[in-house]
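Numbering of the first sequence is given in the numbering used here, commencing with residue 2 and proceeding in unit increments.
Take a look at the structure below.
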Amino acid sequence: MPELPEVEHVVRALQRMVVGRRIVASDIRLAKLIAPSSRRAFNRKLKDSTIVGIGRRGKFILIELEERVALPHGRTYDTHRQVNLQKAARKQRLALIVHLRMTGKFLYQSPDDPLPRHAHAIFYLDNERRLVFRDQRKFGVMKLVPASRIRNAKGIRDLAPEPFEDDFSVDYLTETLSRSQRTLKTLLLDQNKVLGLGNIYAAEALFRAGISPFAIAADLSTKRIARLHAAIRDVLKFAILHIKGSISLEDGFSYGAAFERFWQVYDREGEPCVKCGARIRRERHGGRSTYWCPRCQRR
DNA sequence: ACCCTCACCTGCACGC
DNA sequence: TGCGTGCAGGTGAGGG
2 MPELPEVEHV VRALQRMVVG RRIVASDIRL AKLIAPSSRR AFNRKLKDST IVGIGRRGKF
62 ILIELEERVA LPHGRTYDTH RQVNLQKAAR KQRLALIVHL RMTGKFLYQS PDDPLPRHAH
122 AIFYLDNERR LVFRDQRKFG VMKLVPASRI RNAKGIRDLA PEPFEDDFSV DYLTETLSRS
182 QRTLKTLLLD QNKVLGLGNI YAAEALFRAG ISPFAIAADL STKRIARLHA AIRDVLKFAI
242 LHIKGSISLE DGFSYGAAFE RFWQVYDREG EPCVKCGARI RRERHGGRST YWCPRCQRR
């Protein structure tokens, strides 16, 4: 489902709702969600951990956890001894890395709310509420790693720079494009080259930049690279601003009608271009639908 | 490193 | 009504 702007909104909602909460139990109902780890090990690690922060890297959601400290039991320690033990048993930081893929959603529920269909993971929180991960198509994935190893986790290690950080510069884009003979549409969907776009925003960014999705990356002029760079940031920023503020975890996430109107080419085959009136075209390219205006977007 | 197709799944909209 | 087809916001594997 989501591209970077939608993931950003999910992250913000999670920050508001679950940071500071302790996970009292978890229930993984779909083994492949956390494969190859075992559900038992997964649940054991999560139990009694505290959610200390929520972050994002590209389209990955990072749920930062602090493990409980398991003090040895069955014996009594004097104060002095306990203090030393706690120092030795430093709380482990973990990260639950989540990718929503196409249809993954989080819901924040009251105990009396009915569980939705396709609820594949349930996290019971210390305020009686629960965080539910639902995913109709079962493409979503979760992985638990020590916080120190987030950067090196598979899928995250090779990601391109965050689009709003300084290292996603015109120079970076110039360098990246110059080394590729692929079409722009394909390259923009490659998260290791340009981060955050999906099928919708790649089409929208190219439309804004006035460049054909079929242009070869390495052929772009300096001027067009600069336009594309600005368009990528603009389209992501615009989407983050215009995704409805009313989106809540209770509802899950969906594109509202008001939001869809902002798509200028995506899903508009045959409609007149908002800039020039030409008919928007659609073609399958690299296995996905590509939408563009044949007049505004030249190769 | 690239390209392509297929795979992973379920549900919805469409045409007959 | 049903049944078949194609399509969906993402990515990874496997073959060339």
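Here a beta-carbon is modelled for each residue, glycine too, at the ideal position from N, C-alpha and C.
None of the values given here were measured: they were computed from a predicted structure.
Per-residue burial, residue i [other beta carbons within 10 Å of its own, 16 or more giving buried]
{"i": "Ser-247", "result": "The predicted position of Ser-247 is uncertain, since its pLDDT is 41 and thus under 50; no value can be drawn from it."}
{"i": "Leu-229", "result": "buried"}
{"i": "Arg-135", "result": "buried"}
{"i": "Leu-34", "result": "buried"}
{"i": "Phe-254", "result": "In this prediction, Phe-254 scores a pLDDT of 47, lower than 50, which makes its location untrustworthy; the coordinate-derived value is nonetheless stated afterwards. Counting Cβ neighbours within 10 Å, Phe-254 comes out buried, since at least 16 surround it."}
{"i": "Ala-259", "result": "Its pLDDT being 46, under 50, Ala-259 is placed unreliably in this model, and the coordinates cannot settle the point."}
{"i": "Val-70", "result": "exposed"}
{"i": "Pro-3", "result": "buried"}
Selection from the options that minimises the alpha carbon distance to residue i
{"i": "Thr-104", "options": "Ile-157, Leu-229, Gln-137, Arg-299", "result": "Gln-137"}
{"i": "Arg-13", "options": "Ile-62, Asp-114, Ile-24, Asn-128", "result": "Ile-62"}
{"i": "Ile-281", "options": "Lys-60, Thr-187, Pro-295, Ser-290", "result": "Pro-295"}
{"i": "Glu-284", "options": "Leu-178, Gly-54, Arg-269, Asp-49", "result": "Arg-269"}
{"i": "Lys-276", "options": "Ala-227, Ala-232, Ile-241, Arg-209", "result": "Arg-209"}
{"i": "Ser-213", "options": "Val-266, Ala-148, Ala-36, Lys-106", "result": "Val-266"}
{"i": "Gly-56", "options": "Ser-50, Gly-271, Gln-16", "result": "Gln-16"}
{"i": "Ile-233", "options": "Gly-271, Lys-194, Ile-217", "result": "Lys-194"}
{"i": "Thr-187", "options": "Tyr-292, Gly-21, Glu-68", "result": "Tyr-292"}
{"i": "Arg-130", "options": "Arg-183, Pro-112, Asp-167, His-243", "result": "Pro-112"}
{"i": "Arg-300", "options": "Leu-189, Gly-211, Tyr-173", "result": "Gly-211"}
{"i": "Tyr-125", "options": "Cys-297, Leu-221, Thr-51", "result": "Thr-51"}
Beta-carbon separation (whole angstroms), residue i vs residue j, contact threshold 8 Å
{"i": "Ile-64", "j": "Val-99", "result": "7 Å"}
{"i": "Ala-227", "j": "Val-171", "result": "6 Å"}
{"i": "Leu-196", "j": "Gly-59", "result": "5 Å"}
{"i": "Leu-95", "j": "Lys-155", "result": "The pair is not a contact, with the Cβ atoms about 16 Å apart (cut-off 8 Å)."}
{"i": "Leu-368", "j": "Ala-219", "result": "Outside the displayed span of the chain (2 to 300) sits residue 368, for which this structure offers no information."}
{"i": "Leu-116", "j": "Val-133", "result": "7 Å"}
{"i": "Gly-127", "j": "Arg-22", "result": "Residue identity check: residue 127 is Asp in the sequence provided, not Gly. Going by Cβ atoms, the distance from Asp-127 to Arg-22 rounds to 6 Å, so yes, they are a contact pair."}
The ligand NAP heavy atom lying under 6 Å from the CB of residue i
{"i": "Asp-235", "result": "The ligand NAP is absent from the structure shown, which contains no ligand whatsoever."}
- Message: Restricting to runs no shorter than 3 residues, where is the beta strand (DSSP E) found entirely within the segment 27-64?
- Response: 51-58
- contact_flag[the segment 2-11, the segment 33-46] where n(CB pairs < 8 Å) is 3 or more: Note that the segment 2-11 does not touch the segment 33-46; fewer than 3 beta-carbon pairs, one per stretch, sit closer than 8 Å.
- Taking three-plus beta-carbon pairs below 8 Å as touching, is the segment 24-37 in contact with the segment 109-121? yes
- Message: In chain order, what are the residue ranges of uninterrupted alpha helix (DSSP H) at least 4 long that sit wholly in the segment 162-216?
- Response: Segments of the alpha helix (DSSP H) lying fully in the segment 162-216: 171-179, 185-189, 200-210.
- Query: Can you give, in chain order, each stretch of the beta strand (DSSP E) that sits fully within the segment 116-165 and has at least 3 residues?
  - Reply: 120-126, 131-136, 142-147
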